[in-house]
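Trainee: Protein sequences, first through last, are from chains A and B. The numbering used here applies: residue 121 is where the first sequence begins, and numbers increase by one. The numbering used here applies: residue 121 is where the second sequence begins, and numbers increase by one. Mind looking over this structure? Questions follow.
Number of protein chains: 2
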Amino acid sequence: MTPGDQHSDAPAAQPVRSDAERNRGRILAAARAVFGRDGLGASMASVARETGVGIATVFRHFPTKEALVAAVFSDRMDAYADAVATALDHPDPWHGFIGYIETACAMQAADSGFADVLTMTFPTAKAMEKRRNEAYEGMVELISRAKATGRLREDFDPSDLVLLHMANLGVVNACGDAAPDAWRRVVALMIQSFEAPARGTLPASPEHDALYRAMLRAAPVSGATRKPEQSS
Amino acid sequence: MTPGDQHSDAPAAQPVRSDAERNRGRILAAARAVFGRDGLGASMASVARETGVGIATVFRHFPTKEALVAAVFSDRMDAYADAVATALDHPDPWHGFIGYIETACAMQAADSGFADVLTMTFPTAKAMEKRRNEAYEGMVELISRAKATGRLREDFDPSDLVLLHMANLGVVNACGDAAPDAWRRVVALMIQSFEAPARGTLPASPEHDALYRAMLRAAPVSGATRKPEQSS
Numbered sequence: 121m122t123p124g125d126q127h128s129d130a131p132a133a134q135p136v137r138s139d140a141e142r143n144r145g146r147i148l149a150a151a152r153a154v155f156g157r158d159g160l161g162a163s164m165a166s167v168a169r170e171t172g173v174g175i176a177t178v179f180r181h182f183p184t185k186e187a188l189v190a191a192v193f194s195d196r197m198d199a200y201a202d203a204v205a206t207a208l209d210h211p212d213p214w215h216g217f218i219g220y221i222e223t224a225c226a227m228q229a230a231d232s233g234f235a236d237v238l239t240m241t242f243p244t245a246k247a248m249e250k251r252r253n254e255a256y257e258g259m260v261e262l263i264s265r266a267k268a269t270g271r272l273r274e275d276f277d278p279s280d281l282v283l284l285h286m287a288n289l290g291v292v293n294a295c296g297d298a299a300p301d302a303w304r305r306v307v308a309l310m311i312q313s314f315e316a317p318a319r320g321t322l323p324a325s326p327e328h329d330a331l332y333r334a335m336l337r338a339a340p341v342s343g344a345t346r347k348p349e350q351s352s
Numbered sequence: 121m122t123p124g125d126q127h128s129d130a131p132a133a134q135p136v137r138s139d140a141e142r143n144r145g146r147i148l149a150a151a152r153a154v155f156g157r158d159g160l161g162a163s164m165a166s167v168a169r170e171t172g173v174g175i176a177t178v179f180r181h182f183p184t185k186e187a188l189v190a191a192v193f194s195d196r197m198d199a200y201a202d203a204v205a206t207a208l209d210h211p212d213p214w215h216g217f218i219g220y221i222e223t224a225c226a227m228q229a230a231d232s233g234f235a236d237v238l239t240m241t242f243p244t245a246k247a248m249e250k251r252r253n254e255a256y257e258g259m260v261e262l263i264s265r266a267k268a269t270g271r272l273r274e275d276f277d278p279s280d281l282v283l284l285h286m287a288n289l290g291v292v293n294a295c296g297d298a299a300p301d302a303w304r305r306v307v308a309l310m311i312q313s314f315e316a317p318a319r320g321t322l323p324a325s326p327e328h329d330a331l332y333r334a335m336l337r338a339a340p341v342s343g344a345t346r347k348p349e350q351s352s
């Protein structure tokens, strides 16, 4: 069984024969490659082509593109939600907070698909959005607790985590295999900049709607190819 | 006259008629678009196609691709060298240093071609490399002076500027027009993290050769399209 089977975006459970399971796995692998290469705007037809099956087979396993997107990204969403839960469980909220950042940035460096979960929205995949929003609420709570300890600067905004992940992705993409750990130094500097007391004021955070639009337009990045299209 | 005419990578000066000048400008504009879209690996033939002239016309103005690359990027190289010179002239090296960062990151946000000058190498364009190396030496001198004031952390490495520009480009590319000033907040945080005394140790900087390889593989980024090819 693939991780997507466990989630409400997945098609209704039915007895599945093993060749159907194998097909499902092949479709998911192909979809991961196609979405990584062409963005979430890629069509079900191109996923079928990549898999080497007819489009009807794709639709039999995933009745909507939302269901397919959710299945492709759900394991990354699980990892993100787990990282937030672990951070919230830490007895010291500041250490939970920086531990989360290091974990999430490491996941982002290891897997460009994870970056999509962090910096994109999935407006057409409601269950995905719901789970991410729950994790996001957990982060907001963690940030509030970390501020209460006096270790996190008061003007830290949850959107700074989105910006951090965009910056991290820039380093990861630019350095690639040539300097695969360079992002760690940038993330360490960023974490130190978050520490209270603040060493100066900051330009205002982007407005929520603006950052949301930015996340909407950000396409999955895989290797060095990206396209601007978003889920249609 | 275009900026490229002043530099040693440009073809030997000859009396140029005004329609030839116009052609030269059109070729440069087309090359800027083609390199931005396809990377420095784009062929002279594709520049000719984009310009709408024969390839012989392109070679008459730019006898080698190195000469064309140098002409396309020389105005950005000028801006980079000017920013370094201005920073070195500042009576307070720390303020010169942070002023340089703000200027260079603003140029990077406004013009993706500028990012290429900062984070790529041009191994086949010797004069470009020479000018950039001179500007880089100026930066190393400025960093040394800023450390001497006690305001810049001792473990700051010149390569941290490259990483900063990679991070900034990540934010600029991800936010685009949706949140066009979001990078300012990230850069302000980074500058605060550079301030002495350091709030903690940092992971080691990437090795010089590793970062150089990363810069070699980084292709020009324009909008949301990039390709891995480098100058051939």
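We treat Cβ as the ideally placed atom computed from N, Cα and C, and that holds for glycine.
1. How many Å lie between B:VAL277 and A:PRO300 at the Cα?
2. Helix, strand or coil for A:GLU274 per DSSP?
3. In angstroms, rounded to a whole number, what distance separates the CA positions of B:SER194 and B:ILE311?
4. B:GLY172 to B:ALA191, Cα distance in whole Å?
5. Should B:VAL167 and B:ALA151 be called a contact, given that it needs their Cβ atoms to be closer than 7 Å?
6. Hey, is B:GLN228's beta-carbon within less than 7 Å of any beta-carbon in chain A?
7. Please tell me whether A:ARG333 has its Cβ less than 7 Å away from any Cβ of chain B.
8. Could you check where the alpha helix (DSSP H) with B:VAL192 kicks off and where it finishes?
9. So, for B:GLU349: in the same chain, excluding its five sequence neighbours on each side, which residues have a beta-carbon less than 6 Å away from its beta-carbon?
10. Any contact of the stretch 259 to 266 of chain B with the stretch 209 to 222 of chain B, i.e. 3+ C-beta pairs under 8 Å?
11. Measure from the alpha carbon of A:ALA230 to the alpha carbon of each residue in A:ALA330, A:GLU327, A:TRP303, A:ALA308, then state which is nearest.
12. Find out if the Cβ-Cβ distance for the pair B:VAL189, B:GLU170 is shorter than 7 Å.
13. Using a Cβ-Cβ cutoff of less than 8 Å, which residues in the same chain neighbour B:PRO317 once the five nearest sequence positions on both sides are dropped?
14. Could one say the Cβ of A:GLU315 lies closer than 7 Å to chain B's Cβ atoms, at least one of them?
15. Pick out whichever of B:LEU309, B:GLY296, B:GLY320 has its Cα sitting closest to the Cα of A:ALA330.
16. Helix, strand or coil: how does DSSP classify B:GLU315 here?
17. For a test of the three-state rule: what should DSSP assign to A:VAL173, helix, strand or coil?
18. Out of A:GLY156, A:ARG146, A:VAL204, A:TYR200, which one is the CA nearest neighbour of A:GLY174?
19. To the nearest angstrom, how far is the alpha carbon of B:ARG305 from that of B:ARG252?
20. Listing by chain order, which chain A residues have their CB less than 7 Å from the CB of B:VAL306?
21. Name, going along the chain, the residues of the stretch 292 to 303 of chain A whose beta-carbon falls closer than 9 Å to a beta-carbon of chain B.
22. So which residues of chain A does B:ARG196 contact, with C-beta pairs closer than 9 Å?
23. Ordered along the chain, which non-local residues of its own chain (more than five positions away) have a Cβ less than 6 Å from that of B:ASP139?
24. Alpha carbon to alpha carbon, what distance is there between A:ALA224 and A:ALA298?
25. Are the C-beta atoms of A:SER352 and some chain B residue less than 7 Å apart?
26. For A:THR345, collect the residues of the same chain with a Cβ closer than 7 Å to its Cβ; drop the 5 residues on either side in sequence, then sort them by chain order.
27. Using the three-state DSSP reduction, which class does A:CYS225 fall into: helix, strand or coil?
28. Between B:ALA334 and A:VAL291, what straight-line distance do the alpha-carbon atoms span, to the nearest angstrom?
29. Flag B:GLY219 as yes if its beta-carbon sits less than 7 Å from any beta-carbon of chain A, otherwise no.
30. Which value, in whole angstroms, describes the spacing of the CA atoms of B:VAL178 and A:PHE179?
31. Indicate whether at least one CB of chain B lies closer than 7 Å to the CB of A:GLY105.
32. Examine chain A for any beta-carbon lying closer than 7 Å to the beta-carbon of B:GLY290, and answer yes or no.
33. I need the straight-line Cα distance from B:LEU283 to B:LEU322, nearest angstrom please.
34. Return the CA-CA distance between A:VAL260 and A:ILE218, expressed in angstroms with no decimal places.
35. What three-state label does DSSP hand B:GLU261 in the structure shown?
Mentor: Working from what's here:
1. Looking at the sequence shown, residue 277 of chain B is not Val but Asp. The alpha-carbon separation between B:ASP277 and A:PRO300 amounts to approximately 18 Å.
2. It is coil, neither helix nor strand.
3. Going by C-alpha positions, B:SER194 is about 28 Å away from B:ILE311.
4. Straight-line spacing of the CA atoms in B:GLY172 and B:ALA191 works out to 19 Å.
5. It is a contact, given that the beta carbons lie within the stated cut-off.
6. For B:GLN228, the nearest beta carbon of chain A is not closer than 7 Å to its own beta carbon.
7. For A:ARG333, the answer is yes, since a Cβ of chain B falls inside 7 Å of its Cβ.
8. Looking at the DSSP string, the run of the alpha helix (DSSP H) that includes B:VAL192 is 185 to 209.
9. Any reading at B:GLU349 must be qualified, since the residue scores a pLDDT of 33, below 50, and its modelled position is unreliable; no value is offered.
10. A contact exists between the stretch 259 to 266 of chain B and the stretch 209 to 222 of chain B.
11. Among A:ALA330, A:GLU327, A:TRP303, A:ALA308, the Cα nearest to that of A:ALA230 is on A:TRP303.
12. Not a contact, by the Cβ cut-off of 7 Å.
13. Same-chain partners within the cutoff: ARG273.
14. At least one C-beta of chain B is nearer than 7 Å to the C-beta of A:GLU315.
15. Shortest Cα-Cα distance from A:ALA330 to any of B:LEU309, B:GLY296, B:GLY320 involves B:GLY296.
16. B:GLU315 falls in the strand class under three-state DSSP.
17. Residue state, collapsed to three classes: coil.
18. Nearest C-alpha to A:GLY174: A:ARG146.
19. Cα to Cα, B:ARG305 sits roughly 27 Å from B:ARG252.
20. Within 7 Å Cβ-Cβ: LEU283, ALA287.
21. The residues in question are VAL292, ASN293, ALA294, CYS295, GLY296, ASP297, ALA298, ALA299, PRO300, ASP301, ALA302, TRP303.
22. Going along chain A, no residue has its Cβ under 9 Å from B:ARG196, so there is no contact; the nearest lies around 17 Å.
23. The answer is none, since no qualifying residue turns up.
24. Those two C-alpha atoms are separated by around 21 Å.
25. Residue placement at A:SER352 is flagged as unreliable, the pLDDT there being 32, under the threshold of 50; a coordinate-derived value is accordingly withheld.
26. Caution is warranted here: a pLDDT of 33 is assigned to A:THR345, below 50, making its placement in the model unreliable, and the coordinate value is therefore given only provisionally. The residues are ARG157.
27. Three-state DSSP puts A:CYS225 in a helix.
28. About 10 Å.
29. B:GLY219 is outside the set of residues whose beta carbon lies under 7 Å from a beta carbon in chain A.
30. Taking the straight line joining both Cα atoms gives about 51 Å.
31. No statement about residue 105 of chain A is possible, as the shown extent of chain A runs from 121 to 352 and does not include it.
32. Cβ-Cβ to chain A under 7 Å: yes for B:GLY290.
33. Approximately 14 Å, taken between the alpha carbons.
34. Answer to the nearest angstrom: the Cα atoms are 14 Å apart.
35. Note: B:GLU261 maps to helix in three-state DSSP.
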